[in-house]
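Colleague: The structure follows.
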DNA sequence: GGCTGGTTCGAACGTTCGTTCGGATTCTAG
DNA sequence: CTAGAATCCGAACGAACGTTCGAACCAGCC
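Chains as they are written, first to last, in the numbering used here: chain D, -9 to 208; chain R, -9 to 208.
Take a look at the structure:
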């Protein structure tokens, strides 16, 4: 696929902008900061975007698009709800770890967009949330022990996952795969006790699952 | 206790500022916004604080102080780790729900402070996190099934709890007490399977616990 | 009445912000 | 080689920002 010089440079600008937005937040980043970091003149930036707000939108929208694309691809040909859940978590976390800046911006600057741009990203986020909720519902229907509210569980799962930008170091000792394993264990154990509780079976299931979930990074 | 006119007005300014910071973020809130919302002139605000940054600091520090004070008071005379955990979660969530704006600012604008002010709040946050971690460790030592990493579990718990500013409505149908119940169930079930798994015992324990945890709001 | 110390504010300061504009430079197709 | 398009940028715009200053105000006490 041919990628034009224009698109390449835009992508570079978006990556750099995302890094700075993640470091010091959208509102306290100036176009001059981005100009300095990209070595593109202040006026030159406006050849690649209409406004600072569009930069934020493009970062968020591209990021979401890529997460969704990978997820749908991974979920094809999978039926078992628990496997779906595991794939959902692994996909979310591995993408998060590989694109820490963009995902932090996506989680942290959700309400910095206004009007149509905000509505557009919000709709995507809603669909993503609904998909998670649907998977959780399927998982819940496998067992009779439904003590935790579905809505609470859905947002708790997103809280667990999205909070990692506050502490997780992708270069550190704990790999993404183990992180996903721990969080899945933690969530599923409380959400549907019994499904993942037998240690041996658990380990086996998770190891088998890694066939599906490896190769997500990069 | 005598509260001076000065302190009363400062508190009012802080409450209002917290509300606006929560609505549109610290960096995109101007002193003129706060002036407008409080009916205190722009210059008048500076009679009650040295700078906009100090406003943010006072909000965060007061908020943290009150959470810690309540927590320590609640934790006195309690030994059972599971009860401690339950109290910790209930205290955190009920305070969060009763002070949504301040707690959102505390969670969301953690890195908006610089220098000493940032260091001061960070230290408090560290102590709070360490306390949670210690409680979790005590809980973990009650059982032999220690499959989830302690660090991951600690941050997952905070993620679950702090994420609520993205979705929870304190005026909605779901009460804080039930929310805390669901999240405790969810977390503990995955973290220490077996401790809370028998439905009847669970319900009884939680109902008994409500003796300790009622009266946190307001 | 006058005096004092806390409170209030209109007006302005210097700075930085997002954005624009006209023209210079570089690339590309014929 | 050349024309036209794409890319780039120095300089400037008006607006908004956090903060300051000096003067006005007001309560309580002599």
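Glycine included, each C-beta is placed from N, C-alpha and C at the ideal position.
If I measure Cβ to Cβ from residue 121(D) and keep anything under 6 Å in the same chain, skipping five residues before and after, which residues do I get?
Modeller: none
Colleague: Which whole-angstrom value is the C-beta distance of residue 103(D) and residue 148(D), which I expect to be below 8 Å?
Modeller: Their Cβ separation, rounded to whole angstroms, is 19 Å, which puts residue 103(D) and residue 148(D) out of contact at 8 Å.
Colleague: Along chain R, in chain order, which residues have C-beta atoms closer than 7 Å to that of residue 159(D)?
Modeller: The contacting residues do not exist; residue 159(D) stays about 11 Å from chain R at best.
Colleague: For the segment 40 to 68 of chain R, list every residue whose C-beta sits within 7 Å of some C-beta in chain D, in sequence order.
Modeller: For the segment 40 to 68 of chain R, the set of positions with a beta-carbon nearer than 7 Å to some beta-carbon of chain D is empty.
Colleague: What runs of the alpha helix (DSSP H), each 4 residues or longer, lie entirely inside the segment 56 to 114 of chain R?
Modeller: 71 to 88 and 90 to 98
Colleague: Would you decide whether residue -6(R) is buried or exposed? Buried here means 16 or more other CB atoms lie within 10 Å of its CB.
Modeller: exposed
Colleague: Within the continuous alpha helix (DSSP H) that includes residue 175(D), where are the two ends?
Modeller: 166 to 181
Colleague: Give the interface partners of residue 138(D) over in chain R, defined as CB-CB distance under 7 Å, in chain order.
Modeller: Those are 172, 175 and 176, listed as they occur along chain R.
Colleague: Any beta-carbon of chain R closer than 8 Å to the one on residue 108(D)?
Modeller: no
Colleague: At which residues does the alpha helix (DSSP H) containing residue 156(R) begin and terminate?
Modeller: Looking at the DSSP string, residue 156(R) is not in any alpha helix (DSSP H), and its letter there is neither H nor E.
Colleague: So with CB distances below 7 Å, who are the chain R contacts of residue 17(D)?
Modeller: 15, 17 and 18
Colleague: Could you name each continuous alpha helix (DSSP H) segment of 4 residues or more that falls completely within the segment 27 to 51 of chain R, going from the start of the chain to the end?
Modeller: 32 to 35
Colleague: Taking only beta-carbon atoms, is residue 36(R) less than 8 Å away from chain D?
Modeller: no
Colleague: Please identify, using Cβ separations under 7 Å, the residues of the segment 120 to 150 of chain D that lie next to chain R, in order along the chain.
Modeller: 137, 138, 139, 142, 143, 145, 146, 148, 149 and 150
Colleague: Which residues in the same chain have their Cβ closer than 7 Å to the Cβ of residue 22(R), if we skip the five residues on either side of it in sequence?
Modeller: 32
Colleague: Skipping 5 residues on each side, what residues in its chain have a beta carbon closer than 7 Å to that of residue 8(R)?
Modeller: 49, 91, 92 and 95
Colleague: Answer yes or no: does any C-beta atom of chain D fall closer than 8 Å to that of residue 181(R)?
Modeller: yes
Colleague: In three-state terms, what does DSSP make of residue 128(R)?
Modeller: helix
Colleague: Does residue 117(R) have its Cβ less than 8 Å from a Cβ in chain D?
Modeller: no
Colleague: Mapping DSSP to helix, strand and coil, what is residue 0(R)?
Modeller: helix
Colleague: Do you know offhand how far residue 157(R)'s Cα is from residue 171(R)'s?
Modeller: 17 Å
Colleague: Would you say residue 89(D) lies against chain R (beta-carbon separation less than 8 Å)?
Modeller: Not one chain R Cβ lies under 8 Å of residue 89(D).
Colleague: Given a cut-off of 8 Å on the beta-carbon distance, is the pair residue 112(R) and residue 152(R) in contact?
Modeller: no
Colleague: Please report how far the alpha carbon of residue 60(D) lies from the alpha carbon of residue 177(D), in whole angstroms.
Modeller: 22 Å
Colleague: Are the C-beta of residue 96(R) and some C-beta of chain D separated by less than 8 Å?
Modeller: no
Colleague: Quick one: which chain D residues come within Cβ less than 8 Å of residue 81(R)?
Modeller: Per Cβ cutoff of 8 Å: no residues; residue 81(R) is ~18 Å from chain D at best.
Colleague: Could you tell me the alpha carbon to alpha carbon distance between residue 71(D) and residue 128(D), rounded to whole angstroms?
Modeller: 6 Å
Colleague: Output, in chain order, the set of chain D residues within a Cβ distance shorter than 9 Å of residue 215(R).
Modeller: Lying outside -9 to 208, the shown extent of chain R, residue 215(R) is not represented and no answer is given.
Colleague: Can you tell me whether residue 117(R) is helix, strand or coil according to DSSP?
Modeller: Under the three-state reduction of DSSP, residue 117(R) is assigned to helix.
Colleague: Compute the Euclidean distance between the alpha carbons of residue 51(R) and residue 133(D), then round it to the nearest angstrom.
Modeller: 45 Å
Colleague: If the cut is a Cβ gap below 8 Å, which residues of chain R does residue 152(D) touch?
Modeller: 149 and 153
Colleague: Is the beta carbon of residue 36(D) sitting closer than 8 Å to the one on residue 3(D)?
Modeller: no
Colleague: Shortest alpha-carbon distance to residue 13(R) belongs to which of 155(R), 42(R), 87(R) and 81(R)?
Modeller: 155(R)
Colleague: Using the three-state DSSP reduction, which class does residue 23(R) fall into: helix, strand or coil?
Modeller: helix
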